[in-house]
Structure formats: C-alpha cells, structure tokens
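In my numbering, the protein residues as written are 320 to 601. Even glycine gets a Cβ: it sits at the ideal position worked out from N, Cα and C.
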Ligand SMILES: [Zn+2]
C-alpha cells in the first residue's frame, strides 16, 4: 500500500452566503475555492481528483436557462488559474496526467476535463448515469453542464459499478468503497446525498497520515466539527437530502472514533492547510 504524494491547487472559486452551507453561518457571501488534489503514485504517475472551474463555465452559462446557474453560483476563474494552467506553470504538461477521478459531475469538479487529453476518467457508475441523458431543465437542476464533458469521455472512462463497492472495515463499516488501483493505495468511497454517485477518496500521504477527501459531503469542515449541517435551503441543490444527512451523521461518528484521520473538504480552505499547495512539493 504505497503512500501517495499529494498537493492541492485551487482552480477558481464561487461565492455563497455562509448560512446556506452551515447552520448559524453569516448571511454575507464568502469565497469557496474549487480544490483539485494532485496525487503522485510511484508506478501509476499523476492522478487528479477533480478538475475545478475553467472559464468555459462563463461560455456555457452565457444564455438562459444556463445563466440561472451562474446567477445562483457566482463563479470567478481567470484563464491562468485553471488546473491545467497551474500544472503547466509548475512544469507539468497536462498530457502527463494519466488518470482523473471524477467525484461527481458538478461544474466545479468537471470544469477542466477537456484540458487533459491523455487522462482516463474514473467515476461511480451512478454519477454519470444520472446526468448524461438529462434534458436542459433537469440538467440545470442537477448542476450539470454537458459542454464540460469531452467528446470521447465514455471511451476514456472506467465506471465503477455499485456492486464493486464493499463496506470498509477501516471506516468502521460506515462507508463502502473500492480499491481503484488494486494495490490498496487509493480507495474510492461512496458518500451519497450531495450529488448522484458522489464519492470521496482515502489514501496515505507522504507524511504517513490517512487522508480522507470528503469532497462535497460538507462544505466547511467546521460544519462537521461543530455539528452544524447546511441550512434547509441547501436541500434544493442536493440530489438526496436524506442521504446527505445520513452521510453527514456517519462522518461525525467516524470523526469521533477516528480523530487520527485527516479530513479534507473541497470547498473549505481551512481544511486545505494541512496539505502542501501544489508547487511547494518539488
Ligand atoms: Zn458539488
């Protein structure tokens, strides 16, 4: 079970009122970065977890009904801040990325898929099945912009079937997952609720810590630490509010019994500080 070198980069950000993502939060809008994890496996090379925003978001949401998405979620991304541009600035050709794990199909996770021509894509079967054939209105409600998906996406993809998931003893059997590289180094963990087929990742980092990327199961780590789930209004944007709440409760139980695990949340800048920023590693 080799450890993985991990660093994080931010590919744009959006704003939301804090209260909508955490009970008792402020009414004022705050910035939520779109995190991309850059993993380096000793044999499998470079692996990305998600791809952040790209300026394509603005092109794809230029007209109605898509402009409602941009209105509801104001997005800020400069061409030089995309995952591909940041990797290039750090001396990495985006074509060297061999694998991208797509945790779910929201714009801030699939925005950069087209920038990685050689990558294979891994995702939970349910995640793409739920969005790929949606008509515009339903796609909008699911937060899915089909224009982000490369034309040869399915040809370059490996879908993980639900039957491949098994309860993980390490996580007290609270969550199910699958060993995606076959050597125990990277577990894809189902975290139902936020979006169809929403998943997190569990691995050991270069410092020997168990890292659990919980992606969008919560938006601020404090919300988990202080038991402050999102405002009911956030249910409007959830795939399955009951499953979201169930996942939230299970994460709380896991955190109580496994404080040794480091929990990292996609949109929570505070939680990112425990890991190096991309560029600081080499
Ligand atoms: Zn999301």
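Who are the Cβ neighbours of residue i in its own chain at under 7 Å, not counting the five residues just before and after it?
i	result
residue 598	409
residue 591	327, 354 and 583
Rounding to the nearest angstrom, what Cα-Cα distance links residue i and residue j in this structure?
i	j	result
residue 323	residue 588	21 Å
residue 441	residue 390	30 Å
residue 600	residue 541	Because the pLDDT at residue 600 is just 46, under 50, the model does not fix this residue reliably, and the point stays unresolved.
residue 368	residue 520	8 Å
residue 526	residue 359	13 Å
residue 335	residue 549	12 Å
residue 507	residue 428	16 Å
residue 362	residue 456	43 Å
residue 454	residue 406	34 Å
residue 393	residue 382	15 Å
Determine the extent of the alpha helix (DSSP H) in which residue i is found, giving its start and end residues.
i	result
residue 360	Unbroken run through residue 360 is the beta strand (DSSP E), 348-360; no alpha helix (DSSP H).
residue 581	Where residue 581 is concerned, there is no enclosing alpha helix (DSSP H), although the beta strand (DSSP E) it sits in stretches over 581-584.
Beta-carbon within less than 8 Å of residue i's beta-carbon, same chain only, minus the 5 sequence neighbours each way: which residues are those?
i	result
residue 546	571
residue 343	547
residue 576	491
residue 439	417, 418, 419, 475, 476 and 477
Could you please give the first and the last residue of the uninterrupted beta strand (DSSP E) stretch that includes residue i?
i	result
residue 603	The displayed coordinates of the chain run from 320 to 601. Any statement about residue 603 would go beyond what the structure contains.
residue 560	Per DSSP, residue 560 belongs to no beta strand (DSSP E); it is in the alpha helix (DSSP H), 560-576.
residue 532	529-534
residue 523	518-523
Given residue i, which residues of its chain have a CB within under 6 Å of its CB, disregarding the five upstream and five downstream residues?
i	result
residue 374	396 and 398
residue 473	none
residue 509	484, 495 and 518
Inspect the beta-carbon positions of residue i and residue j and report whether they are closer than 7 Å.
i	j	result
residue 514	residue 423	yes
residue 468	residue 461	no
residue 388	residue 380	yes
residue 378	residue 402	no
residue 516	residue 443	yes
residue 500	residue 569	no
residue 585	residue 511	no
Just to check, is the beta-carbon of residue i closer than 6 Å to a non-hydrogen atom of ligand 2?
i	result
residue 545	Ligand 2 is not part of the structure shown, which contains ligand 1 as its ligands.
task = For ligand 1, list every residue whose C-beta falls under 7 Å from any of its heavy atoms, going in chain order.
result = 423, 425, 427, 428, 462, 513, 514 and 535
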